[in-house]
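Undergrad: Residue numbers (the working numbering): 3 to 178.
Glycine included, every Cβ here is placed at the ideal spot set by N, Cα and C.
In this text, all values refer to a predicted model and were calculated from it rather than measured experimentally.
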Amino acid sequence: MTKLLLIDVDCGVDDAQAIMMALASPSVEILGITCCYGNTQLENVCKNVLRVLQVCNRLEEFYHELVNQDTKKAKFMEKISAHSIKFTDSKHENTGNMLWTSGFVSCDSYAMAAAIDESFVTKAIEVAVSVELNGSLTRGMMVMDMISLLKKKNKAFVINKCDLEKFKGLLIAALK
């Protein structure tokens, strides 16, 4: 059965790996890739996603086909997209720096491996989580509620152990 995925990335190294793993997996259909601010400015995130898709020969361009239809909706879409297109023009290049140092950080590629093959996870905990956006100790990081202070009904699965050989296999397949 094909797994349908919507991938949300800030397109650091681990996100690039995750996208490549999903593209290489025959059991996955990527419905879309959304870009969010994280390790770098949003403009860089979008460019990084495009670089990953280009190197994997998976670029799809349909914008002009979409907005060149002779309908009221298509003309509206073209009008509201004009600002975004202008903003992402190369002359608006971002000069901001990455917020993190280099290295093998594979958080998102582990999440993708678990999405592709559930048996990849050998031990996990189910816990309420929250992303702290305005805290004094962290910003933009996940906080696990180990003692149920948040009283959340929905919980996340956090990987404690995984099958590294399966992970290596998925990464190798993604790079072929």
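State the Cα-Cα distance for the pair G137 and D12, rounded to the nearest angstrom.
TA: The straight-line gap from Cα to Cα measures roughly 21 Å.
Undergrad: Could you tell me if D72 is buried or exposed, where buried requires 16 or more neighbouring beta carbons within 10 angstroms of its beta carbon?
TA: Exposed.
Undergrad: At what residues does the alpha helix (DSSP H) containing I174 begin and finish?
TA: Start and end: L166 to A176.
Undergrad: Would you please state the rounded distance, in angstroms, between the beta carbons of I127 and N156? I believe it to be under 8 Å.
TA: That pair is no contact at about 15 Å.
Undergrad: From the DSSP output, read off the bridge partner residues of K5.
TA: Paired residue(s): V30.
Undergrad: Closer than 7 Å: is that where the CB of T36 sits relative to any heavy atom of the ligand GDP?
TA: As presented, the structure is devoid of all ligands, the ligand GDP included, so that no description of it is given.
Undergrad: Whole angstroms are fine: how far does the CA of R60 sit from the CA of D10?
TA: Each residue's Cα considered, the two are about 17 Å apart.
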